[in-house]
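A.B. asks:
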Amino acid sequence: MKRLSPAARSLGTVTLVLIALLGSAYAIGRSLVPDRPPAGVTTAATGPHYADQERARSTDGPDGRGPAGTGQSPDPEPSPEPTVVNGIATYGARSTTGTSTVALTFDDGPDPRYTPQVLAILREFHVTATFCVVGEMASAHPDLIRAIVADGHTLCNHSWNHDVALGSRSRERIQADLLRTSEAIRAAVPDAPIAYYRQPGGAWTYAVVAVSRELGMTPLHWTVDPADWRAPGAGRIASTVLTGVEPGAVVLLHDAGGDRQGTVDALYRILPDLTSRFHVEALPPGTT
Ligand SMILES: [Zn+2]
């Protein structure tokens, strides 16, 4: 066997060490990169006005404050970091139930075409859910707000008119929007708690998380998004939900904002299976 010269041997050793270093750097880099959104989690930047899709994936506060709290905030609760969930910066907004219970959430309503259908199906399966209602819709359909509460569901504030850019506006404007929405809800159900706020489009910012908490609402994101607002059909909606749900999941669905018959029909496929595997229940209504 041909013996290597000392120079060749040390060159070989250096090469091996370099390969090992590069390999571990790659592994560390991978672990720092958030996972790609799982199948079924859409990140489309375009879509109808009422849809809870990501619009702005910003690592910096659009209000110029920045997530690191470069602007002063009296509320230490929001995460100073964007805290990415499925590719969306949530600033600490809640994205699971915190227990093994699974929560269905219905956004953008109430809508006289679909909300009564959703309520009827939930009643049939003895399931309660969380309704993230839009202020102007609540104002137009107080009877539906009362029907939601009468069936034991939990209410969530979803802004006055689904302003996806609300998080980048002034704190005063954010606060006024959320208060106006809660007032419209309370006009229908004076004593019902509104314990959650969901930012339209999931376009969370540090400011909107902080203001919703200051107003006594828990900012609520989601875990599973079947993109039902795109009307992919009941089968697709149901399969994405049924394969994506794990204990503690918060499922994003829509009972308004467009043609939601696919969502309504999907519930007939989702609920028998889901209720056989999980405890499906509204998020705790809270005490606010
Ligand atoms: Zn929405």
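Residue 250 in the working numbering is what sits at position 249 of the sequence shown, and the numbering runs on without skipping anything. Beta carbons are placed, not taken as given, at the ideal position from N, Cα and C, and that holds for glycine.
Around the Cβ of PRO286, are there at least 16 other Cβ atoms within 10 angstroms (buried) or fewer (exposed)?
C.D. replies: Around the beta carbon of PRO286, a 10 Å sphere encloses 16 or more other beta carbons of the protein chains shown; the residue is thus reported as buried.
A.B. asks: State yes or no: is the beta carbon of PRO117 nearer than 8 Å to at least one beta carbon in chain D?
C.D. replies: Given the protein chain composition of this structure (a single chain), no chain D is represented.
A.B. asks: Could you say which of GLY202, TRP223 and LEU179 lies nearest to ALA166 if we only look at CA atoms?
C.D. replies: GLY202
A.B. asks: Looking at ligand 1, does it come within less than 7 Å of PRO201, judged from the CB to the closest heavy atom?
C.D. replies: Checking every heavy atom of ligand 1 against the Cβ of PRO201, one is found closer than 7 Å.
A.B. asks: Name the two residues that bound the continuous alpha helix (DSSP H) containing THR276.
C.D. replies: First-last of the alpha helix (DSSP H) with THR276: 262-278.
A.B. asks: Relative to the C-alpha of ARG95, which residue among SER80, PHE279, ASP109 and PRO111 is closest?
C.D. replies: SER80
A.B. asks: Whose C-alpha, out of GLN200, PRO117, VAL281 and THR224, is nearest the C-alpha of ASN87?
C.D. replies: Taking each of GLN200, PRO117, VAL281 and THR224 in turn and checking the Cα distance to ASN87, the smallest one comes out for THR224.
A.B. asks: Report the residue from THR219, ALA185 and ARG237 whose alpha carbon sits nearest the alpha carbon of THR131.
C.D. replies: The residue from THR219, ALA185 and ARG237 with its alpha-carbon nearest to that of THR131 is THR219.
A.B. asks: How should SER160 be labelled, buried or exposed, when 16 other C-beta atoms within 10 angstroms of its C-beta is the threshold for buried?
C.D. replies: buried
A.B. asks: Starting from the C-beta of GLN176, find all residues in its chain whose C-beta is less than 8 Å away, skip the five residues before and the five after it, and write them out in chain order.
C.D. replies: VAL212, GLU215 and LEU216
A.B. asks: Going by DSSP in three states, LEU216 sits in which element: helix, strand or coil?
C.D. replies: coil
A.B. asks: I need the straight-line Cα distance from PRO68 to ILE89, nearest angstrom please.
C.D. replies: Note on PRO68: pLDDT 34, under 50, position unreliable in the model; no value is reported.
A.B. asks: Assign ARG170 to one of three DSSP states: helix, strand, or coil.
C.D. replies: If DSSP states are grouped into helix, strand and coil, ARG170 belongs with coil.
A.B. asks: In this structure, does DSSP put ALA250 in helix, strand or coil?
C.D. replies: Here ALA250 carries a strand assignment [DSSP, helix/strand/coil].
A.B. asks: Note the first and the last residue of the continuous beta strand (DSSP E) segment covering ALA104.
C.D. replies: 104-108
A.B. asks: If you compare alpha carbons, which of PRO233, CYS157, ILE195 and VAL246 is closest to VAL265?
C.D. replies: PRO233
A.B. asks: With which residues is ALA196 paired in a DSSP beta bridge?
C.D. replies: Answer by DSSP bridge pairing: none, since ALA196 is not bridged.
A.B. asks: My guess is that ALA239 and ILE271 are in contact by the Cβ rule of under 8 Å, so how many angstroms apart are they, rounded?
C.D. replies: 5 Å
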